[in-house]
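**Q** In the order they appear, the protein sequences are chains A and B. Counting from 1202, one number per residue, gives the positions in the first sequence under my numbering. Counting from 359, one number per residue, gives the positions in the second sequence under my numbering. We put the beta carbon where it would ideally sit given N, CA and C, even for glycine. Keep in mind it's a predicted model, so treat the numbers as computed, not measured.
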Amino acid sequence: MATKVIENERTAMAQHMTRQPDGPGKRIGKKGEISGIGKVAPGGAKLFRERLPQIQAEAAYWETRVGTVHDFRVTLIDDDTRILFTIVFDGDFKPYVADILNEAAPWLDQIFLGVWDGFKGTNDRKSVEELLSFAFECDLFFVRNPDVTVRDVAKMQRLSGAVAELFDAAT
Amino acid sequence: MADTTTLTTHVPTLEVSDIQATVLRPRPSPYLGQYVILRIDDAAQGREMLRRMIPHVAPADEWWVPSLAGWLGIAFTFEGLKALELPQASLDSFPIEFKQGMAARAAILHDVGGNAPANWEYPFGTTDAHIALAIYAQNEQDLQRVLELARRTHHDLAQISVVYRMPFGELPEGRNPFGFKDGLHNPQIEGSAPAAHGGSDAPIKAGEFVMGYPDQLGETAQAPIPAELRQNGTFVALRKFHMDVAAFRRYLREQASSSEEEELLAAKMVGRWRSGAPLVLAPDRDDPALGADAKGNNDFSYADDRKGLKCPFSAHVRRVNPRDALKDDIVDVDSHRFIRRGTNYGPPLPEGVLEDDGAERGGVFLLIGAHQRQQFEFVQSQWVADGNFISHGTEQDPLIGNNEGDGVFTIPKVPVRRRLHGLPRFVAVRGGEYCFMPGLRALRWLAGLGEDAEQTASH
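Now the structure itself:
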């Protein structure tokens, strides 16, 4: 049974937690999270490790195109018998699933096809739904700067670079 | 989980004689008409009404033929299909947003605060809205004829009641209440000639808008079941908006120092001048000739306006139909299009008036598509009610966003962008429903449900 929070100077900074409007996943401000655990297919662990260098090298390309993912982790756990993914992202999750599947299919298939037991590929929408039905929300969630999105960070970086340039020119 | 799709690659011809005219054909201009919402308290009477109604439902191939006095479209809410006693397996096979209804999707659609379903007009968002009729005509006499035909379908059926009736009509020069030329653009649907609008955008696969045909992914809908029900059917997101024209004019007056600047700000918010001329093609001043050119006023892209200096990223038309503006993003713009059938209601606010006269005025939109979650719901939640997709944080659509006096609107400019603050809610949601708009054969199937059940039971 949940115990009551004892108010003190530390709880004064507690963040306002909400949930995704359309499925599992905690949310603080603009940032949301979701995770999933599946079984590793026979031979999947070996396949995953063979593909990993290429998947890793292409990660920045694909996730930059998606444009809303803060971090994404995939790892084999329990002696390579299970696979875990976790994502922290901006905004709503479900509306973008179809677009991400359409556009990042080759990369996602490299990660999950033949590795996640039962997954038949991103072009099999039923299989994708099944994979997503394993998604769950975390128990504890913290994000720093909950209202700052990936795009906001990129914009602030550009701005801060431009301001620095301006100051440099002025001195 | 039901398999909802199969893959097909051929390009079929649309069965325009079976698809309702409202789906494929633009309303006439000038137009007037009425929306009517009915409640069914007895399934047999509901089906009897449907049997009588079907001969008057306009198919897309009989589009304003001289023999038709007007044009009647019919659609059903999930509550309506339940009231007609659609078999449970069929009810279960409908998409989640349709089953839940638009009011239940308020958090997703950002219908909160003043736009929350608690503030909607009856019967929107209640279990009393079952069947929606959209009746269009070219003049009052014709409209009365069609309304009378509709009335006769249920006048002797005590368990059918009219729970809502709303007249609408065209405003002078085909403008919307804010004074902008209306209904300028819709997607081109592959195989649905004649082209409804001009423009250079590539046709979109019919399956995005009508079930029974391949969509952009080459998939053909496999739900709802049975096939007889879904073939040539689609979904309609019906939205009724109130437009606060006086507030819009006052805001422009406050932010601008001349009437020319007011017009420019208004155009920056919309993405088009009042004539319909797009900012991308006419960035500095209105071009009424271009506005009147149905092909020319849609023949543009954002390729030459990557910084939004002509048309702001946040402008209404650039948000709801970004064309090629998001081509570097992962989003597949063509899968987020819908057909828009807009009508206006209420009198125009006289020119120059800055105080609200208390009159109800606004628009009712039928947003039509086979995948509402990807279409209306995506556009509303991601592109209208948020700004992250254009790196604008929580900035909403300046015209139809759910701003509560704290809205902002960014206008890119050199050397420094201009940002307007304190935007109020110019457009308020008065109600909405998700409806299923079946093909004509499917309407007959629905009307025959009871007979089928009796036949099945007697065998």
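1. If you draw a straight line from the alpha carbon of B:Leu408 to that of A:Leu1332, how long is it in whole angstroms?
2. By the 10 Å Cβ neighbour count, where 16 or more other Cβ atoms means buried, how is A:Thr1212 classified, buried or exposed?
3. Please look up how many angstroms separate the CB atoms of A:Gly1292 and A:Lys1231, rounded, as I've assumed it's under 8 Å.
4. Quick check: what's the CA-CA separation for B:Gly873 versus B:Lys440?
5. Would A:Phe1249 pass as an interface residue toward chain B - the criterion being a Cβ-Cβ separation below 9 Å?
6. Which stretch, first to last residue, makes up the beta strand (DSSP E) that contains B:Met411?
7. Just the Cα atoms here: how many angstroms apart are B:His414 and B:Arg509?
8. Within the region 643-678 of chain B, note down every full alpha helix (DSSP H) run reaching 4 residues or more, in order along the chain.
9. What's the call for B:Val711, buried or exposed, on a 16-neighbour Cβ count within 10 Å?
10. Based on DSSP bridge pairs, tell me the residues matched to B:Cys793.
11. Would DSSP call B:Phe606 helix, strand or coil?
12. In chain order, which continuous runs of the alpha helix (DSSP H) of length 4 or greater are located wholly inside the region 1231-1275 of chain A?
13. Would A:Gln1221 and A:Phe1343 qualify as a contact pair, given that the criterion is a beta-carbon distance under 9 Å?
14. Cβ atoms of A:Gly1315 and A:Ala1242: under 9 Å apart, would you say?
15. Of all the options A:Glu1210, A:Ala1203, A:Ile1207, A:Ile1238, which has the alpha carbon lying nearest to the alpha carbon of A:Glu1338?
16. What does a CB cutoff of less than 7 Å around B:Ala625 pick up in its chain, not counting 5 residues either side in sequence?
17. Kindly identify the DSSP beta-bridge partner or partners of B:His600.
18. Quick one: list the residues of chain B neighbouring A:Arg1266, beta-carbon separation under 9 Å, in chain order.
19. Any idea if B:Pro481 is buried or exposed, counting beta-carbon neighbours within 10 angstroms, 16 or more meaning buried?
20. Between which two residues does the beta strand (DSSP E) carrying A:Lys1227 extend?
21. As a quick exercise: from B:Gly759, B:Leu725, B:Ile562, B:Glu479, pick the residue whose alpha carbon is nearest that of B:Phe593.
22. Have a look at B:Ala554 and A:Gln1311 and give me their C-alpha separation to the nearest angstrom.
23. Keeping to the same chain, check which residues put their C-beta closer than 7 Å to that of B:Ala474; ignore five residues upstream and five downstream.
24. Quick one: what does DSSP say A:Thr1204 is sitting in, helix, strand or coil?
25. Consider the Cβ of B:Gly751: report whether some Cβ of chain A lies at a distance smaller than 9 Å.
26. State the Cα-Cα distance for the pair B:Ile832 and B:His543, rounded to the nearest angstrom.
27. Please go through the region 429-464 of chain B and give each complete alpha helix (DSSP H) segment of 4 or more residues, from N-terminal end onward.
28. What is the residue span of the alpha helix (DSSP H) that A:Pro1296 lies within?
29. Where do the N-terminal and C-terminal ends of the beta strand (DSSP E) with A:Arg1345 fall, by residue?
30. In terms of DSSP beta bridges, what is B:Ser519 paired with?
31. Taking only beta-carbon positions, decide if B:Glu735 is within less than 9 Å of chain A.
32. Hey, does A:Ile1143 have any beta-carbon neighbour from chain B nearer than 9 Å?
33. If we ignore side chains and look at the alpha-carbon of each, how far apart do B:Leu623 and B:Ser616 end up?
34. At a Cβ threshold of 9 Å, is B:Gln732 touching chain A?
35. Excluding the 5 residues preceding and the 5 following B:Ser519 in the sequence, name in chain order all residues of the same chain whose CB lies nearer than 8 Å to its CB.
36. Alpha carbon to alpha carbon, what distance is there between A:Arg1326 and A:Ala1306?
**A** Taking the coordinates as given:
1. Within the second sequence, the letter at position 50 stands for residue 408 of chain B. Within the first sequence, the letter at position 131 stands for residue 1332 of chain A. Answer to the nearest angstrom: the Cα atoms are 42 Å apart.
2. What you label residue 1212 of chain A is simply residue 11 of the first sequence in a count that begins at 1. By the 10 Å Cβ count, A:Thr1212 comes out exposed.
3. Residue numbering aside, residue 1292 of chain A sits at position 91 when the first sequence is read from its first letter. Residue numbering aside, residue 1231 of chain A sits at position 30 when the first sequence is read from its first letter. Confirmed, about 6 Å.
4. Limits of chain B in this structure are 359 at one end and 817 at the other, which puts residue 873 of chain B out of reach.
5. Position 48 of the first sequence holds residue 1249 of chain A. For A:Phe1249, the answer is no, since every Cβ of chain B falls outside 9 Å of its Cβ.
6. Numbered from its first residue, the second sequence carries residue 411 of chain B at position 53. Premise fails: B:Met411 lies in the alpha helix (DSSP H), 401-411, not in any beta strand (DSSP E).
7. Here residue 414 of chain B refers to the residue found at position 56 when the second sequence is read from its first residue. Here residue 509 of chain B refers to the residue found at position 151 when the second sequence is read from its first residue. Those two C-alpha atoms are separated by around 12 Å.
8. 646-650, 674-678
9. Position 353 of the second sequence, counted from the first residue, corresponds to residue 711 of chain B. Answer is exposed; the Cβ neighbour count stays below 16.
10. Here residue 793 of chain B corresponds to residue number 435 of the second sequence, with the count starting at 1. DSSP output for B:Cys793 lists B:Val594 as bridge partner(s).
11. Taking the second sequence and counting its residues from 1, the one referred to as residue 606 of chain B is at position 248. Correct three-state label for B:Phe606: helix.
12. 1245-1267
13. Counted from its first residue, the first sequence places residue 1221 of chain A at position 20. Counted from its first residue, the first sequence places residue 1343 of chain A at position 142. No. Outside cutoff.
14. Here the question's residue 1242 of chain A lines up with position 41 in the first sequence. Here the question's residue 1315 of chain A lines up with position 114 in the first sequence. Yes, the Cβ-Cβ distance between A:Ala1242 and A:Gly1315 is below 9 Å.
15. Here residue 1338 of chain A refers to the residue found at position 137 when the first sequence is read from its first residue. Of A:Glu1210, A:Ala1203, A:Ile1207, A:Ile1238, the residue nearest in Cα terms is A:Ile1238.
16. One-based indexing of the second sequence puts residue 625 of chain B at position 267. Cβ within range, chain order: Trp631, Leu637.
17. Counted from its first residue, the second sequence places residue 600 of chain B at position 242. For B:His600, which the question treats as bridged, DSSP gives the partners B:Gly720, B:Ala786.
18. The count along the first sequence starts at 1 and reaches residue 1266 of chain A at position 65. Correct list: Asp686, Asp687, Ile688.
19. In the second sequence, counting from the first residue as 1, residue 481 of chain B sits at position 123. By the 10 Å Cβ count, B:Pro481 comes out buried.
20. Reading the first sequence from its first residue, position 26 is the one you call residue 1227 of chain A. Per DSSP, A:Lys1227 belongs to the beta strand (DSSP E) from 1227-1229.
21. Translated into positions along the second sequence, residue 593 of chain B becomes position 235. Among B:Gly759, B:Leu725, B:Ile562, B:Glu479, the Cα nearest to that of B:Phe593 is on B:Leu725.
22. Against the second sequence, residue 554 of chain B aligns to sequence position 196. Against the first sequence, residue 1311 of chain A aligns to sequence position 110. Its pLDDT being 48, under 50, B:Ala554 is placed unreliably by the model, and the measurement read from it follows with that caveat. If you take the alpha carbons of B:Ala554 and A:Gln1311, they lie about 43 Å apart.
23. Counted from its first residue, the second sequence places residue 474 of chain B at position 116. Hits under 7 Å: Ala464.
24. Indexing the first sequence from 1 puts residue 1204 of chain A at position 3. If DSSP states are grouped into helix, strand and coil, A:Thr1204 belongs with coil.
25. Taking the second sequence and counting its residues from 1, one reaches residue 751 of chain B at position 393. So yes, B:Gly751 belongs to the interface.
26. No answer is possible for residue 832 of chain B: the residues shown for chain B start at 359 and end at 817.
27. 436-441, 446-450, 454-458
28. Indexing the first sequence from 1 puts residue 1296 of chain A at position 95. Run containing A:Pro1296: 1295-1313, per the alpha helix (DSSP H) assignment.
29. On the first sequence, position 144 is the one that residue 1345 of chain A refers to. Note, A:Arg1345: premise wrong, no beta strand (DSSP E); not H, not E.
30. Within the second sequence, residue 519 of chain B is the residue found at index 161, counting from 1. According to DSSP, which records beta bridges pairwise, B:Ser519 is partnered with B:Arg397.
31. Locating residue 735 of chain B in the second sequence gives position 377, where the first residue counts as 1. So, interface residue.
32. Because chain A is modelled from 1202 through 1372, residue 1143 of chain A falls outside the range shown and cannot be assessed.
33. Counting from 1 along the second sequence, the entry for residue 623 of chain B is found at position 265. Counting from 1 along the second sequence, the entry for residue 616 of chain B is found at position 258. Straight-line Cα distance between these residues: approximately 11 Å.
34. Position 374 of the second sequence holds residue 732 of chain B. Answer yes: the Cβ-Cβ gap between B:Gln732 and chain A drops below 9 Å somewhere.
35. Looking up residue 519 of chain B in the second sequence gives position 161. Contacts found: Leu396, Arg397, Asp399.
36. Taking the first residue of the first sequence as 1, we reach residue 1306 of chain A at position 105. Taking the first residue of the first sequence as 1, we reach residue 1326 of chain A at position 125. Answer to the nearest angstrom: the Cα atoms are 12 Å apart.
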